[in-house]
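A.B. asks:
In the numbering used here, the protein residues as written are 2 to 337.
#1: Name the DSSP beta bridge partners of residue 223, please?
#2: Under the assumption that residue 1 contacts residue 97 (Cβ atoms under 8 Å), give the Cβ distance between them as a whole number of angstroms.
#3: Going by DSSP, name the residue or residues bridged to residue 88.
#4: Which residues in the same chain have their Cβ closer than 8 Å to the Cβ of residue 217, if we skip the five residues on either side of it in sequence?
#5: State the DSSP-derived secondary structure class of residue 147, mapped to helix, strand or coil.
#6: Return the chain-ordered list of same chain residues with a C-beta closer than 6 Å to the C-beta of residue 188, the five sequence neighbours on each side being excluded.
#7: For residue 79, which residues from the same chain have a beta carbon less than 7 Å from its beta carbon, with the 5 sequence-adjacent residues on both sides left out?
#8: Assuming residue 29 contacts residue 43 (C-beta within less than 8 Å), just tell me the rounded distance between them.
#9: Which partner residues of residue 200 appear in the DSSP bridge assignment?
#10: Hey, is the segment 199-210 in contact with the segment 228-240, meaning 3+ C-beta pairs nearer than 8 Å?
#11: Using 10 angstroms around the beta-carbon of residue 161, count the other beta-carbons present and answer buried if the total reaches 16, otherwise exposed.
#12: For residue 213, count neighbouring C-beta atoms within 10 Å of its own C-beta (all shown protein chains included) and say buried if the count is 16 or more, exposed if not.
#13: Rounded to whole angstroms, what's the CA-CA distance from residue 41 to residue 313? Just pull it up for me.
#14: According to DSSP, simplified to helix, strand and coil, what is residue 115?
#15: Is it buried or exposed, residue 8, if we count other Cβ atoms within 10 angstroms and call 16 or more buried?
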């Protein structure tokens, strides 16, 4: 009799207790020039593949580009090595605008899903874009719901998102993509951003409003990335990377933990964070942190978060990478 292997749930990706916070275990910088001497940066989203130890970084350069890097497991000890670079392009059946602003990335099967930020102009609207993973050619472009589109006094503000995209995969359920606005829509109250869930049909993707996430109401705050955590557990959640810039050079970076809205949550419900952590206090250098992805498991079994910053191709900023692990105290049971 052959006994099938028992699936082992990954360890929970949160500190326990919550106030224990996060430990910065590694940092690195990526080069500002690629192998051809061209400017490299603008990293606005990330996806880590643990089976190959490969990190995919989406650049918000005008035409869009995905670069791959190896060596994340040795981050901070040896330089990361470039694997390849993939330019995002249009195709005869799906022309690409002259400029896109790729801000969110999910790798799903043979596709790269990208959240494209808009400028309230017909030639540069916010969309969900699906690219072929191998060629980088655009396959489909999906419009955002009507409430999100530019109209007098309504819709996304210029350069205000969407900046995030996350995969929601739960046992027995169809995959969904979660997308959040960076800032409140023009018609919405301050301090809350809308959340969408995208589902897939044979030839289309459909967006459904899920809930709103409460963010700090002060000027300059925005949501820059999302990550579903502990999806297979009874209490899955969302991690959101929150950023604030105040001229001339003041940065604030928070990591917020929210409950995951279910099918019964009304779209107008505002979800408050269960916990927030100050990542500058945790050791991140003050900069434009925009990307969030699960990182490699550590030698002691703890999971990790990998974060990347967007240098905006500016000499005054940098392309940082940082690896955070959740602190856990002895009384915390393995399941929490």
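We put the beta carbon where it would ideally sit given N, CA and C, even for glycine.
C.D. replies: Considering the structure as presented:
#1: According to DSSP, residue 223 bridges with 244.
#2: The chain is shown only over 2 to 337; residue 1 falls outside these bounds and no answer can be derived.
#3: Residue pairing of residue 88 in beta bridges, as defined by DSSP: 66.
#4: Here the set comprises 192, 243, 245, 255.
#5: Three-state result, residue 147: helix.
#6: By the criterion of a C-beta distance shorter than 6 Å, residue 188 is surrounded in its chain by 155, once the five residues flanking it on both sides are discounted.
#7: These residues qualify, in order along the chain: 72.
#8: Contact doesn't hold; Cβ gap of about 17 Å is too wide.
#9: The partner list for residue 200 (beta bridge, DSSP) reads 207.
#10: Inter-segment contact for the segment 199-210 and the segment 228-240 is absent: fewer than three beta-carbon pairs are separated by less than 8 Å.
#11: Buried.
#12: Here residue 213 is buried, its C-beta having at least 16 other C-beta atoms within 10 Å.
#13: One C-alpha to the other measures close to 10 Å.
#14: Correct three-state label for residue 115: strand.
#15: Its pLDDT being 43, under 50, residue 8 is placed unreliably in this model, and the coordinates cannot settle the point.
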